[in-house]
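Heads up: the structure comes next, in structure tokens.
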Amino acid sequence: MENRIKELRTKLNITQEELANRAGVRRETIVFLEQGKYNPSLKLAHEVALALKTTIDKLFIF
Amino acid sequence: MLINSNYKVMTLKQFRIVKLVFTVFLAMIFGRSIVLNSYLMPIIALVASALILFYLRSRVKEVVADERDYLTGGRAALLAMQIYSWAAVIGMLILYANRALNPAYEPVAMTLAYSTCLLMLLYAVIFRYYNQVKLADKKFFYAAFVLVLFIALAVFSLRFFSGEDNWICQNGRWVKHGQPDFPAPTAECK
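Protein sequence lines correspond, in order, to chains A and B. Every number in the working numbering is 140 more than the matching position in the first sequence, counting from 1. Every number in the working numbering is 197 more than the matching position in the second sequence, counting from 1.
Spelled out as structure tokens, the structure:
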């Protein structure tokens, strides 16, 4: 699924490691998410959106 | 330096190193015990290492595994189970068909057959349990399950692999050793 994680993360100037810590996942999962190779659960999508100070519908392109 | 200055906290990297060391030691103990024909030692080592690793894991504050790991793990476990089942069934059929060539083939074939049945049964039970009961975050249940499983394995190993109650081939005939609760093998004793 396409998303704007990398774009918003860069805008907030945070690393993948930092985002992973905030979302409670491993860094590799953030890498997979950014590449659109992994569809997260609703809970993880919410955590990532919170960490990037946005909402799920703005973060993921449905 | 495997433990941080704060002795209660362990990093993920340190935990992985400790886990690797434990695996190597366990492999050495297993190898040695097979040579020495001793089965109690590896079971004790296995239980002890499982409990120690369980404790050390609780000291790791980083994310050890997340939802993607569990998903991948589930898929890998299912595939591994399917591959093992097919290999075991094919192996069992070949060994059972050739049991006349060597009497040792029959127990191996039976072990493969029963282990496949046990694996499938276990999978079905766990799948049903996960499907109906939320098992997540019940660490105590996991620890208790591991302990009970290893105790059961220990009892099973002592009872069936001790070699105390079996038929032994001596001077061309099957001789009772202990009190086997099954008849002498029908295969020729050479």
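For every residue, glycine included, the Cβ atom is placed at its ideal position computed from N, Cα and C.
Closer than 6 Å by C-beta to residue i: which residues in its own chain qualify, once you throw out the five before and the five after it? Chain order, please.
i: R296 (chain B); result: Y302, E303
i: N201 (chain B); result: Interpretation of N201 (chain B) is limited by its pLDDT of 49, a score under 50 that renders its predicted location unreliable; the figure taken from the coordinates is listed afterwards. So the list is empty, once near-sequence residues are dropped.
i: P185 (chain B); result: The shown model of chain B, from 198 to 387, leaves out residue 185 (chain B), and the question about it has no answer.
i: V352 (chain B); result: none
For the ligand COA, any of its heavy atoms closer than 7 Å to the Cβ of residue i?
i: F347 (chain B); result: This structure does not include the ligand COA; it has no bound ligands of any sort.
Spatial neighbours of residue i within its chain, please: CB distance less than 8 Å, with the 5 preceding and 5 following residues excluded, ordered by chain position.
i: F439 (chain B); result: The first residue shown for chain B is 198 and the last is 387, placing residue 439 (chain B) beyond what the model contains.
i: N179 (chain A); result: M141
Leaving out five residues before and five after residue i in sequence, what residues of the same chain have Cβ atoms less than 7 Å from its Cβ?
i: V165 (chain A); result: L184
i: L298 (chain B); result: none
i: A191 (chain A); result: L159, R162, A163
For residue i, which option in the options has the closest C-alpha, if you only look at C-alpha atoms?
i: Y281 (chain B); options: B:R272, B:D266, B:L309, B:E264; result: B:L309
i: S312 (chain B); options: B:F324, B:M289, B:Y327; result: B:M289
i: A306 (chain B); options: B:L318, B:L315, B:Y293, B:M317; result: B:Y293
i: N143 (chain A); options: A:V188, A:T194, A:I154, A:G176; result: A:G176
With a threshold of 8 Å between beta-carbons, can residue i be considered close to chain E, or not?
i: A191 (chain A); result: The chain labelled as chain E is not found among the protein chains of the depicted structure, namely A and B.
Inset, instruction - With 8 Å as the limit, tell me which residues of the stretch 247–268 of chain B have their beta carbon closer than that to any beta carbon of chain A; keep them in chain order. - result: V260, A262, D263, E264, R265, D266
Inset, instruction - Using a Cβ-Cβ cut-off of less than 7 Å, list which residues of the stretch 166–188 of chain A approach chain B; keep chain order. - result: R166, T169, F172, Y178, S181, L184
Inset, instruction - Would you check if there are 3 or more beta carbon pairs closer than 8 Å linking the stretch 250–263 of chain B to the stretch 213–222 of chain B? - result: yes
Legend entry - Cβ contact (3+ pairs, closer than 8 Å) linking the stretch 227–234 of chain B and the stretch 272–289 of chain B: no
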